[in-house]
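Below: the structure, in structure tokens.
Listed below in structure tokens is the structure:
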């Protein structure tokens, strides 16, 4: 960027958009915004708007992404709509998300699996699960991502039955679940009622050679813990080659729930030995175990 000396190059919309895209993908949001602001009004096309909005969403600045979308004076394309719906999800802005949905008039956009999945996620994250399901049902050509998004939405809502029913529909439609799908499925089984089904999913994960994914392992630890089986949770935990804070917290919570304060303190000590810094969830588990056993 510093070596672009020629005025014609500095004024080039192609160079400007390329710089904007480079800074955005490198996570340099301030530099990306500076380049965007230097583009003239006529040079800010749908590509440059798409780049800057996506950059703000990816950096977690969802409200600023929404503000930029509302300032746009060019027709949004698929990427702009998908990014802005992601911003609505992050900001829990159901009103704007519904307004964007109402403005999607193009038949191509209405049929887009990317737009449909973004709408589904937006409604789900905003707590509107019925609208999420309605959008899902209207996606003409569903893919693994859209199926997984619907399963995840039900699982996060605690609707295990609907999540597993959707999984069965996915398999009947001849889609192979991916690691993200399995995390959603396992999460859906995180209760005593569905623990046996969770064990079958665990077996399927092993058969498919996916047990090495830390996200799946953490989900399994959490599933067994929430299902009231700390020993099975510990079995998964002990076989993990890599553990993160989520792994340790899930195990601490499992033994805290069964009032095994010694096990909790041992885990807390082991967590510190591995150099993993405890957070509020860690301390909550320790305090819960101590209070239930009368330890001070």
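Numbering (the UniProt record's numbering), first residue to last: 1 to 296.
Quick reminder that beta carbons are idealized off the backbone N, C-alpha and C, glycines included.
Computed from a predicted structure; not experimentally measured.
{"Query": "Span of the alpha helix (DSSP H) around residue 107", "Result": "107-111"}
{"Query": "Entirely enclosed alpha helix (DSSP H) segments - the segment 77-133, minimum 4 residues", "Result": "78-91, 94-103, 107-111 and 113-125"}
{"Query": "Rounded C-alpha distance that separates residue 249 from residue 160", "Result": "23 Å"}
{"Query": "Span separating the alpha-carbon of residue 173 from that of residue 136", "Result": "14 Å"}
{"Query": "Residue 304 versus 238, 51 and 44, residue with shortest Cα-Cα distance", "Result": "This structure cannot settle anything about residue 304, because the visible part of the chain is limited to 1 through 296."}
{"Query": "Classification of residue 116 by the beta-carbon crowding that lies within 10 angstroms, buried from 16 upward", "Result": "buried"}
{"Query": "Close Cβ partners of residue 5 (< 8 Å) along its chain, the five nearest in sequence each way excluded", "Result": "For residue 5, the predicted model reports a pLDDT of 38, less than 50, meaning its position is unreliable; a value from the coordinates is still stated below. Excluding positions up to five away in sequence, the list is empty."}
{"Query": "Residue 40 in three-state terms, based on DSSP", "Result": "coil"}
{"Query": "Nearest to residue 112 (by Cα), restricted to the options 232, 68 and 82", "Result": "82"}
{"Query": "Limits of the alpha helix (DSSP H) - the one that residue 46 falls within", "Result": "46-58"}
{"Query": "C-beta atoms of residue 298 and residue 197 nearer than 8 Å", "Result": "What the structure shows of the chain is the stretch from 1 to 296, and residue 298 is not part of that stretch, so it cannot be assessed."}
{"Query": "Coarse secondary structure for residue 260, derived from DSSP in three states", "Result": "coil"}
{"Query": "Cβ neighbours of residue 155 in the same chain (closer than 6 Å, five flanking residues each side left out)", "Result": "163, 184, 187 and 188"}
{"Query": "Residue 107 versus residue 263 - alpha carbon distance", "Result": "58 Å"}
{"Query": "CB contact flag (residue 178, residue 148, <8 Å)", "Result": "yes"}
{"Query": "8 Å Cβ cutoff met for residue 87 and residue 51", "Result": "no"}
{"Query": "Chain-order list of residues whose beta-carbon lies under 7 Å from that of residue 31 (same chain, five-residue window excluded)", "Result": "23"}
{"Query": "CA-to-CA distance, residue 49 to residue 20, given in whole angstroms", "Result": "10 Å"}
{"Query": "Simplified DSSP assignment, three categories, for residue 7", "Result": "In this prediction, residue 7 has a pLDDT of 46, which is less than 50 and means its spatial position is unreliable; nothing more can be read from the coordinates."}
{"Query": "Residue closest to residue 43, alpha-carbon to alpha-carbon, out of 64, 16, 142 and 67", "Result": "16"}
{"Query": "Inside the segment 164-212 only - beta strand (DSSP E) runs reaching at least 3 residues", "Result": "none"}
{"Query": "For residue 226, the first and last residue of its enclosing alpha helix (DSSP H)", "Result": "214-226"}
{"Query": "Buried or exposed (CB count within 10 angstroms, at least 16 for buried), residue 141", "Result": "exposed"}
{"Query": "Selection from 91, 126 and 202 that minimises the alpha carbon distance to residue 67", "Result": "91"}
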